[in-house]
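Here the structure is laid out as structure tokens; the discussion comes afterwards.
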């Protein structure tokens with residue numbers, strides 16, 4: 019959840035008044051002085067966003083330039099203009115160096131829509147001869163126009179479409195295809211690894227730079243530059259949001275056919291190696307990339323698993339078989355699926371989810387962090403694939419994934435078996451039998467928290483009379499079980515019962 023932010027104005031009307039003082043009449047120095055005074059008062063009360071800080075600095079130089087009467091201030095004006103422009107560009111670009119590899123200032127400025135010649139002017143003023151006063155004046159006017167379209171207007175009218183030109187994110191698929199081509203060559207001929215090492219490293223860096231570009235593009239999708247999170251270095255919530263957006267876009271491209279899932283259906287499965295086994299060629303190609311990106315972005319496996327389970331939860335077959343899914347039945351059941359579905363694609367994605375679950379924690383040094391990551395992935399898989407649809411309406415790939423991960427976790431298998439049960443009684447007939455079934459399931463789930471939960475759960479799920487006495491039932495702290503003495507009486511879930 020994004021925390022409330024502190025703004026210098028009491029209402030947008032005050033910011034609109036400042037904007038009118040600045041842009042209504044270019045030659046009205048008195049109005050610009052009012053704007054400078056108001057911005058100075060705001061700065062004394064609260065740190066200003068970088069846009070307002072830059073506007074205050076440039077307006078101060080413009081007023082100084084308008085009041086200059088002698089040539090003795092010529093050099094000081096040039097230095098003041100240059101300093102204001104340098105601070106503007108650096109304040110925009112430096113906080114957006116978000117990746118592990120540095121990007122050029124030109125590339126970041128291009129994504130922000132900042133004119134390239136302002137970046138060149140910043141470089142010249144920093145490392146070369148100081149630009150002329152005429153060039154610096156033009157740059158100051160260009161900056162104020164850019165601030166109008168990229169800060170003042172979007173802030174005053176957040177619902178209106180941005181007038182700034184759209185800056186589409188460059189496609190990721192060509193970068194991944196280039197990486198795939200290099201890895202395919204080296205996996206087929208190991209002697210080429212040394213020859214292609216530099217190109218593979220360059221491909222990995224290009225993919226990481228794309229993630230950095232995607233973080234900036236995530237701010238552009240909301241209508242402009244993220245001024246607030248750029249100015250507040252202590253607020254990491256927006257940074258996390260940008261990271262999530264970029265990793266989600268990366269996961270979407272990786273799940274396209276021809277990436278993690280080969281185009282050829284014959285290469286999507288590894289025959290003779292059991293259920294949900296990936297071909298060695300696919301693992302050899304993509305595991306180096308996934309390991310490299312996970313070292314820089316630890317949450318990548320979670321995003322990939324979420325994307326995979328989101329697809330599998332939508333891949334529902336109305337006539338899905340209720341029999342157990344085995345490796346021998348894969349090829350037999352594929353032919354009877356609907357023409358619109360691609361069973362081999364779903365099976366390959368489920369295999370990648372299983373592989374990620376088994377290998378995502380290999381690079382995590384802390385055992386507790388590794389266990390937490392694995393548990394989070396299991397939770398996402400189970401919650402997305404809906405255990406109540408196991409052996410029912412879910413796709414065969416979803417059933418296979420749930421059965422494989424539950425086979426390795428007896429407690430999870432027992433819990434899934436309980437959650438997938440449907441009471442034979444009608445929900446309209448509320449009697450003691452229905453309440454007994456609910457109590458049995460409640461006791462079985464609570465028993466998982468104690469030692470020997472598996473044996474207790476098996477007994478509770480098979481014998482409806484095996485109930486823990488109410489006086490011996492240990493509920494979580496803060497919970498208590500209601501009885502009829504408290505005014506409780508049985509009713510279908512979702513039915514509002516009025517007090518007698």
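Numbering (the working numbering), first residue to last: 19 to 518. For each residue, glycine too, the CB sits at the ideal point set by N, CA and C.
#1: Which ranges does the alpha helix (DSSP H) cover as unbroken runs of at least 4 residues, wholly within the segment 138-211, from first to last along the chain?
#2: Taking 8 Å as the cut-off, does the segment 63-70 touch the segment 21-32 (at least 3 CB pairs, one atom from each stretch)?
#3: Indicate whether at least one CB of chain D lies closer than 9 Å to the CB of residue 427.
#4: Quick one: any contact between the segment 304-321 and the segment 203-212, if contact means 3 or more CB pairs under 8 Å?
#5: Excluding the 5 residues flanking residue 79 on each side, which residues of the same chain have their C-beta closer than 6 Å to its C-beta?
#6: Please confirm if the segment 416-431 is in contact with the segment 394-403, defined as three or more CB-CB distances below 8 Å between the two stretches.
#7: How would you label residue 519, buried or exposed, when you count the other beta carbons within 10 angstroms and need 16 or more for buried?
#8: Could you check if residue 501 is buried or exposed, using at least 16 other CB atoms within 10 Å of its CB as the buried criterion?
#9: Less than 7 Å between C-beta atoms, sequence neighbours within five positions excluded: which residues of the same chain meet that for residue 84?
#10: What number of angstroms, rounded off, separates the C-alpha of residue 355 from the C-alpha of residue 414?
#11: Can you tell me whether residue 111 is buried or exposed, with buried defined as 16 or more other CB within 10 angstroms of its CB?
#12: Assign residue 369 to one of two classes, buried (16 or more other C-beta atoms within 10 Å of its C-beta) or exposed (fewer than that).
#13: How many angstroms separate the CA atom of residue 211 from the CA atom of residue 294?
#14: Between the alpha carbons of residue 201 and residue 433, how many angstroms are there, rounded?
#15: Go through its chain and collect everything with a Cβ distance to residue 192's Cβ below 7 Å, but skip five positions before and after it.
#16: Near residue 283, what residues of its chain come up, given a Cβ to Cβ distance below 7 Å and the 5 sequence neighbours on each side ignored?
#17: Can you say whether residue 510 is buried or exposed, counting buried as having 16 or more other CB atoms within 10 angstroms of its CB?
#18: Less than 8 Å between the CB atoms is what I'm expecting for residue 430 and residue 373, so what's the real figure, rounded?
#19: Between 416, 92, 114 and 161, which has its C-alpha nearest residue 71's C-alpha?
#20: Can you list, in chain order, the residues of its chain with a C-beta nearer than 7 Å to that of residue 140? Leave out the 5 residues immediately preceding and following it.
#21: Would residue 281 and residue 326 be called neighbours here (beta carbons separated by less than 9 Å)?
#22: Residue 219: buried (16+ other C-beta within 10 angstroms of its C-beta) or exposed?
#23: Considering just the uninterrupted stretch of the alpha helix (DSSP H) at residue 417, what are its terminal residues?
#24: Is residue 298 closer than 9 Å to residue 365 when the C-beta atoms are compared?
#25: I need the DSSP call for residue 510, collapsed to helix, strand or coil.
#26: Leaving out five residues before and five after residue 137 in sequence, what residues of the same chain have Cβ atoms less than 7 Å from its Cβ?
#27: Residue 298 lies in the alpha helix (DSSP H); which residues open and close that run?
#28: Quick one: Cα of residue 394 to Cα of residue 507, how far?
In brief:
#1: 151-165, 171-174 and 191-206
#2: yes
#3: Absent from the structure: chain D. Only one protein chain is present.
#4: At 8 Å Cβ cutoff, the stretches do not touch.
#5: 98, 99 and 102
#6: yes
#7: Missing from the structure shown is residue 519; the chain here goes from 19 to 518 and no further.
#8: exposed
#9: 47
#10: Annotation note: pLDDT 42 at residue 355 (below 50); position unreliable, coordinate value reported separately. Their Cα atoms are separated by approximately 10 Å.
#11: buried
#12: buried
#13: 29 Å
#14: 42 Å
#15: none
#16: 362
#17: exposed
#18: Rounded, the Cβ-Cβ distance is 18 Å, inconsistent with contact.
#19: 161
#20: 103, 104 and 107
#21: no
#22: exposed
#23: 414-425
#24: Note that the C-beta distance between residue 365 and residue 298 is not below 9 Å.
#25: Correct three-state label for residue 510: coil.
#26: 107, 123, 124 and 127
#27: Residues 298-314.
#28: 37 Å
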